[in-house]
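Student:
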Amino acid sequence: PSPFGQILATFPLFERIPLPDRASMIGLLIATIDALGSDDEDVRAAYDRMTAHELFLRFNLSARMVNDFIRPTLLVGLFKPPEELSAFVVMELLYYYALAHQDSFDVRWIKNGTVSDSLVAPLAEKLVTEEGLDVRGGCRVQEISLEATDNKLGASKISYTTYVNGQEEKCEINDVDGVVLALGCKGMKSVINTSPQLAKLPEFSKAASLNGIDVISIRLWFDKTITTRTPANVFSRFEELRGAG
Numbered sequence: 038p039s040p041f042g043q044i045l046a047t048f049p050l051f052e053r054i055p056l057p058d059r060a061s062m063i064g065l066l067i068a069t070i071d072a073l074g075s076d077d078e079d080v081r082a083a084y085d086r087m088t089a090h091e092l093f094l095r096f097n098l099s100a101r102m103v104n105d106f107i108r109p110t111l112l113v114g115l116f117k118p119p120e121e122l123s124a125f126v127v128m129e130l131l132y133y134y135a136l137a138h139q140d141s142f143d144v145r146w147i148k149n150g151t152v153s154d155s156l157v158a159p160l161a162e163k164l165v166t167e168e169g170l171d172v173r174g175g176c177r178v179q180e181i182s183l184e185a186t187d188n189k190l191g192a193s194k195i196s197y198t199t200y201v202n203g204q205e206e207k208c209e210i211n212d213v214d215g216v217v218l219a220l221g222c223k224g225m226k227s228v229i230n231t232s233p234q235l236a237k238l239p240e241f242s243k244a245a246s247l248n249g250i251d252v253i254s255i256r257l258w259f260d261k262t263i264t265t266r267t268p269a270n271v272f273s274r275f276e277e278l279r280g281a282g
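Just remember that the numbering used here sits 37 ahead of the position in the sequence shown, which is counted from 1.
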């Protein structure tokens with residue numbers, strides 16, 4: 038039964054989180070039973086007014102359990118930290134992901150290094166060596182300039198900064214066929230704020246007003262069947278599997 042089933046199911050998956058820290062989840066189980074198991078709207082409303090951060094403090098969840106497991110799960114699942122989320126909403130998410138489907142949890146975090154070192158850098162190297170692309174790392178876009186051609190507005194110049202021997206240098210790309218803004222919210226705000234011509238366009242000004250966090254979703258395709266440590270059971274829109282994904 039939960040939470041002991043959850044501890045057993047995830048024991049080999051989270052080597053960095055000691056067993057006592059995982060056992061502190063029992064406090065969250067008590068709160069979940071109180072909130073989700075009750076038909077009293079006043080009880081649910083009370084948890085809804087409380088932040089998840091306050092909930093974790095009240096029920097004595099360990100700081101390591103929150104920072105190494107629950108916080109990343111919430112950032113991936115609800116795109117906000119515990120301080121900005123309703124305690125009731127968080128308990129619903131954790132119930133479906135962590136309790137209702139104990140042995141189907143297939144989220145993983147990088148063991149060593151960073152996202153940049155482990156994912157972005159190898160991808161950039163592959164694009165350079167195999168596809169002949171010019172990948173300019175360490176550059177920051179300053180301004181995207183526009184001009185009208187045949188009554189169509191398009192990018193005409195990209196201004197950016199880079200660092201050479203510790204010194205900042207300003208550069209430009211004038212031969213522009215097109216621009217793809219593969220940016221998160223913070224990056225979009227930065228580019229739009231320094232590109233007055235883009236900022237005049239409603240689509241870009243609205244995009245720059247969005248708030249959120251940056252999330253990278255990775256899917257890998259293999260050329261053969263790979264035996265995995267644990268099963269993956271992520272589905273959606275199936276009533277029988279509600280909460281699995």
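Don't be surprised by glycine CBs; every beta carbon is placed ideally from N, CA and C.
1) Classify A161 as helix, strand or coil using the three-state DSSP reduction.
2) Less than 8 Å separating the beta-carbons of S232 and I263?
3) How is the beta strand (DSSP E) around A244 delimited, first residue to last?
4) Helix, strand or coil for F173? Go by DSSP, reduced to three states.
5) Could you tell me which uninterrupted alpha helix (DSSP H) segments, each at least 4 residues in length, are contained entirely in the stretch 48-98, listed from first to last along the chain?
6) Is the stretch 88-106 close to the stretch 150-162, with three or more CB pairs under 8 Å?
7) Shortest alpha-carbon distance to M87 belongs to which of L73, R101 and S123?
8) Beta carbon of Y197, beta carbon of V228: below 8 Å?
9) Can you give the beta carbon distance from G249 to F116, rounded, assuming they're within the 8 Å contact cut?
10) To which residues of the same chain is N230 closer than 8 Å at the C-beta, ignoring the five residues directly before and after it?
11) Is the separation between the beta-carbon of S194 and that of V213 shorter than 8 Å?
12) L111 and G64 - do their beta-carbons sit closer together than 8 Å?
13) What does Q204 pair with, by DSSP beta-bridge criteria?
14) How many angstroms separate the CA atom of V165 from the CA atom of G174?
15) With K223 as the anchor, note down where its alpha helix (DSSP H) starts and where it stops.
Tutor: Concretely, from the data shown:
1) On the sequence shown, position 124 is the one that residue 161 refers to. Note: A161 maps to helix in three-state DSSP.
2) The count along the sequence shown starts at 1 and reaches residue 232 at position 195. The count along the sequence shown starts at 1 and reaches residue 263 at position 226. No, Cβ-Cβ distance for S232 and I263 is not below 8 Å.
3) As a first step, residue 244 must be located in the sequence shown, where it is residue number 207. Unbroken run through A244 is the alpha helix (DSSP H), P239 to A245; no beta strand (DSSP E).
4) Locating residue 173 in the sequence shown gives position 136, where the first residue counts as 1. According to the sequence as given, residue 173 is Arg; it is not Phe. In the structure shown, R173 sits in coil (DSSP, three-state: anything other than H, G, I, E or B).
5) Runs found: 56-60, 63-73, 78-86 and 89-95.
6) Contact between the stretch 88-106 and the stretch 150-162 is not established, with fewer than three Cβ pairs separated by less than 8 Å.
7) By 1-based counting over the sequence shown, the position of residue 87 is 50. Closest option to M87, Cα to Cα, is S123.
8) Position 160 of the sequence shown, counting from 1, holds the residue named residue 197. Position 191 of the sequence shown, counting from 1, holds the residue named residue 228. Taking 8 Å as the Cβ cut-off, Y197 and V228 do not qualify as a contacting pair.
9) Within the sequence shown, residue 249 is the residue found at index 212, counting from 1. Within the sequence shown, residue 116 is the residue found at index 79, counting from 1. Sure, about 6 Å apart at Cβ, within 8 Å.
10) In the sequence shown, residue 230 corresponds to position 193, counting from 1. Cβ neighbours of N230 beyond the five flanking positions: A236 and A245.
11) Counted from its first residue, the sequence shown places residue 194 at position 157. Counted from its first residue, the sequence shown places residue 213 at position 176. Residue identity check: residue 194 is Lys in the sequence provided, not Ser. It is a contact, given that the beta carbons lie within the stated cut-off.
12) Locating residue 64 in the sequence shown gives position 27, counting from the first residue. Locating residue 111 in the sequence shown gives position 74, counting from the first residue. No, Cβ-Cβ distance for G64 and L111 is not below 8 Å.
13) In the sequence shown, counting from the first residue as 1, residue 204 sits at position 167. DSSP, once it has assigned bridges, lists V201 as partnering Q204.
14) For the purposes of this step, residue 165 is taken as the residue at position 128 of the sequence shown. For the purposes of this step, residue 174 is taken as the residue at position 137 of the sequence shown. So the alpha carbons of these two residues sit roughly 12 Å apart.
15) Here the question's residue 223 lines up with position 186 in the sequence shown. Here the alpha helix (DSSP H) through K223 covers C222 to N230.
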